[in-house]
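A.B. asks:
Number of protein chains: 2
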Amino acid sequence: MAVTTAGRGRRRAAAQGAGATLGDRVDALERQGYRATPQRRAVLAAVLGAGRVNVSAEEVCGRARALCPTVNLATTYRTLDLLKRLGIVRRVIYGDGRGVFCANPDPHYHGTCLQCGTVVDLPRGRIADVLEREQRGLTDQAFAVVGHRVEFYGYCDACRSAGRTGSIL
Amino acid sequence: MAVTTAGRGRRRAAAQGAGATLGDRVDALERQGYRATPQRRAVLAAVLGAGRVNVSAEEVCGRARALCPTVNLATTYRTLDLLKRLGIVRRVIYGDGRGVFCANPDPHYHGTCLQCGTVVDLPRGRIADVLEREQRGLTDQAFAVVGHRVEFYGYCDACRSAGRTGSIL
DNA sequence: GGGGCCGATGAGAGTCATTCTCAACGCATT
DNA sequence: AATGCGTTGAGAATGACTCTCATCGGCCCC
Chain A
86 MAVTTAGRGR RRAAAQGAGA TLGDRVDALE RQGYRATPQR RAVLAAVLGA
136 GRVNVSAEEV CGRARALCPT VNLATTYRTL DLLKRLGIVR RVIYGDGRGV
186 FCANPDPHYH GTCLQCGTVV DLPRGRIADV LEREQRGLTD QAFAVVGHRV
236 EFYGYCDACR SAGRTGSIL
Chain B
86 MAVTTAGRGR RRAAAQGAGA TLGDRVDALE RQGYRATPQR RAVLAAVLGA
136 GRVNVSAEEV CGRARALCPT VNLATTYRTL DLLKRLGIVR RVIYGDGRGV
186 FCANPDPHYH GTCLQCGTVV DLPRGRIADV LEREQRGLTD QAFAVVGHRV
236 EFYGYCDACR SAGRTGSIL
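Residue numbers (our numbering), protein chains in the order written: chain A, 86 to 254; chain B, 86 to 254.
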């Protein structure tokens, strides 16, 4: 997979949303006045390429280097921050304080494996509505609630298959 | 408030739970074979004294020093970790990856102020049951869910009174 | 009641993720 | 070619946290 010229105007799909491609995100970037440099394309491709599994900045940097060898860790952080501000990626902080990045544009939850620490996307269920209602109920306290975040933990496929479901992260 | 001799056998209340006092926690500590040193008592008192507002390790250390001037930051971390293992305090990691400590033994949620970062305890509502059910529903995926964590965000009393409700952490 | 044992401590160095600084680069415009 | 400005790489700085190690201080045994 090469991340160099990244076709422009090839697709007219939604810039965000379930079907958005790498090119769509590149377009979004440029539309906001940012240059789509090879480094930024590589970082973007690295996050998108991780699929349902969320990745750390260091992992993103490693993957991006396979596409553009000059990508630096500082640039990776800068780019991820930019993509976060543009709403293209999300940053998830969990249990041990480590941050991982996620490019899934659909509403979803995150599940952290108690064994290996992997963070995967989980489909969104019916909790959201209940949480919305709960939010309103909590607001008459000394705290005005405006949003929430849910995080699940358990065991990923790999760890379950390997029988590793004992320890606690 | 002095944290020196910390009466033993004064109370016979539940060692854990809503009505537990500083002395109860000290007892719990000793019952498990750990020494209730002045430093540990001070750290414990510092966390308990913070009430509904959760505190960072550095804040705990500062508060503890008012009770026992020799308390060191390393000792604070060590003690907080010990108290965590004993189930006396809980560690909450939120938004920016900073960890805060909480001594509230009742089931509750945490609310993070988007303005000043303060973390307060919020009363537990009816979400828990829904989340339990949701957990089971999510488990037939490539991930076995065994638990969850909910975090609310909004604006604390102080920031609302001061009219600071604009920015996002 | 002196000595040894062992858990606990303070100070400071080390670690790790993340951010900052700054000179250099690259591309567009003139 | 000259200028300007966004972007970059390298490495230093930061900040939270953990580790190391010599020392301290109760407690037990003789």
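Glycine included, C-beta positions come from ideal geometry on N, C-alpha and C.
Using a Cβ cut-off of 7 Å (strictly closer), state whether valine 230 of chain B contacts chain A.
C.D. replies: Chain A, which has a Cβ nearer than 7 Å to the Cβ of valine 230 of chain B, makes this yes.
A.B. asks: Anything in chain B within Cβ reach of phenylalanine 186 of chain A, meaning under 8 Å, just list it in chain order.
C.D. replies: Those within 8 Å of phenylalanine 186 of chain A in chain B number zero; the least Cβ separation is about 13 Å.
A.B. asks: Sorted by chain position, which residues of the same chain lie with C-beta nearer than 8 Å to glycine 92 of chain A's C-beta, five sequence neighbours on each side aside?
C.D. replies: Low local confidence applies: a pLDDT of 38 at glycine 92 of chain A is under 50, so the model's placement there is unreliable, with the coordinate-based value given in what follows. Cβ neighbours of glycine 92 of chain A beyond the five flanking positions: Gly108.
A.B. asks: For alanine 71 of chain A, name the three-state secondary structure that DSSP assigns.
C.D. replies: Any property of residue 71 of chain A remains undetermined from this structure, which presents chain A solely from 86 to 254.
A.B. asks: Put tyrosine 119 of chain A into one of helix, strand or coil per three-state DSSP.
C.D. replies: Tyrosine 119 of chain A: coil per DSSP, three-state reduction.
A.B. asks: Looking only at its chain, what residues have a beta carbon closer than 7 Å to the beta carbon of threonine 161 of chain B, apart from the 5 residues adjacent to it on each side?
C.D. replies: Hits under 7 Å: Val128, Ala142, Val145, Cys146, Ala149.
A.B. asks: Apply the 10 Å Cβ neighbour rule to glycine 136 of chain B and answer buried if 16 or more other Cβ atoms are within range, or exposed otherwise.
C.D. replies: Classification for glycine 136 of chain B: exposed.
A.B. asks: Take cysteine 241 of chain A and list the residues in its own chain whose beta-carbon comes closer than 7 Å to its own, dropping the five residues that flank it on each side.
C.D. replies: Counting only Cβ-Cβ distances below 7 Å, and skipping sequence neighbours, we find Cys198, Cys201, Thr203, Val205.
A.B. asks: Name the residues in the region 231-249 of chain B whose C-beta lies less than 7 Å from a C-beta of chain A; which are they?
C.D. replies: Correct list: Val231, Gly232, His233, Arg234, Val235, Glu236, Phe237, Tyr238, Gly239, Tyr240, Cys241, Asp242, Arg245.
A.B. asks: Within the continuous beta strand (DSSP E) that includes isoleucine 178 of chain B, where are the two ends?
C.D. replies: 175-178 is the extent of the beta strand (DSSP E) around isoleucine 178 of chain B.
A.B. asks: Answer with buried or exposed for alanine 229 of chain A, where buried requires no fewer than 16 other C-beta atoms within 10 angstroms of its C-beta.
C.D. replies: The residue is buried, with at least 16 neighbouring Cβ atoms inside 10 Å.
A.B. asks: Give the straight-line distance between the Cα atoms of alanine 213 of chain B and valine 132 of chain A, rounded to the nearest whole angstrom.
C.D. replies: The straight-line gap from Cα to Cα measures roughly 33 Å.
A.B. asks: Report the rounded CA-to-CA distance for valine 111 of chain A versus arginine 209 of chain A, giving the unit in angstroms.
C.D. replies: Their backbone Cα atoms lie some 27 Å apart in a straight line.
A.B. asks: Do we get a CB-CB distance below 7 Å when we pair leucine 207 of chain B with the residues of chain A?
C.D. replies: So, interface residue.
A.B. asks: What does DSSP give as the partner residue(s) for phenylalanine 238 of chain A in the beta ladder?
C.D. replies: Reading the sequence as shown, one finds tyrosine at residue 238 of chain A and not phenylalanine. Answer is A:Thr197, B:Gly232, bridged to tyrosine 238 of chain A.
A.B. asks: With a threshold of 7 Å between beta carbons, is isoleucine 178 of chain B in contact with chain A?
C.D. replies: Closer than 7 Å to some Cβ of chain A, the Cβ of isoleucine 178 of chain B qualifies, so yes.
A.B. asks: Considering only the alpha carbon of each residue, which of B:Ala159, B:Arg245, B:Leu165, B:Cys187 lies closest to valine 138 of chain B?
C.D. replies: Of the candidates B:Ala159, B:Arg245, B:Leu165, B:Cys187, the one whose C-alpha sits nearest the C-alpha of valine 138 of chain B is B:Cys187.
A.B. asks: Are the CB atoms of arginine 249 of chain A and glutamate 236 of chain B nearer to each other than 7 Å?
C.D. replies: No.
A.B. asks: Who are the neighbours of glycine 196 of chain B on chain A, taking C-beta pairs under 8 Å?
C.D. replies: Neighbours of glycine 196 of chain B on chain A, chain order: Leu223, Phe228, Val230.
A.B. asks: Residue range of the alpha helix (DSSP H) that aspartate 166 of chain B falls in?
C.D. replies: First-last of the alpha helix (DSSP H) with aspartate 166 of chain B: 158-170.
A.B. asks: For leucine 216 of chain B, go through chain A and note every residue whose CB falls closer than 7 Å to its CB, in chain order.
C.D. replies: Within chain A, the residues near leucine 216 of chain B are Ile212.
A.B. asks: How many angstroms separate the CA atom of glutamine 124 of chain A from the CA atom of alanine 130 of chain B?
C.D. replies: In a straight line, the C-alpha of glutamine 124 of chain A is about 51 Å away from that of alanine 130 of chain B.
A.B. asks: Nearest by alpha-carbon distance to serine 246 of chain B: which of A:Ala227, A:Arg245, A:Val231, A:Ala243 is it?
C.D. replies: For the residues A:Ala227, A:Arg245, A:Val231, A:Ala243, the minimum Cα distance to serine 246 of chain B belongs to A:Ala227.
A.B. asks: Would you call threonine 155 of chain A buried or exposed, if buried means 16 or more other Cβ atoms sit within 10 Å of its Cβ?
C.D. replies: Threonine 155 of chain A comes out exposed.
A.B. asks: Who are the near neighbours of leucine 207 of chain B in its chain, counting only those whose CB is closer than 8 Å to its CB and skipping five residues on each side?
C.D. replies: Counting only Cβ-Cβ distances below 8 Å, and skipping sequence neighbours, we find His193, Tyr194, His195, Gly196, Phe237.
A.B. asks: When DSSP builds the beta bridges, which residues end up paired with glycine 184 of chain A?
C.D. replies: According to DSSP, glycine 184 of chain A bridges with A:Ile178.
A.B. asks: For a contact defined as C-beta to C-beta under 7 Å, what are the partners of glycine 182 of chain A on chain B?
C.D. replies: The answer, in chain order, is Ile178, Gly182, Gly184.
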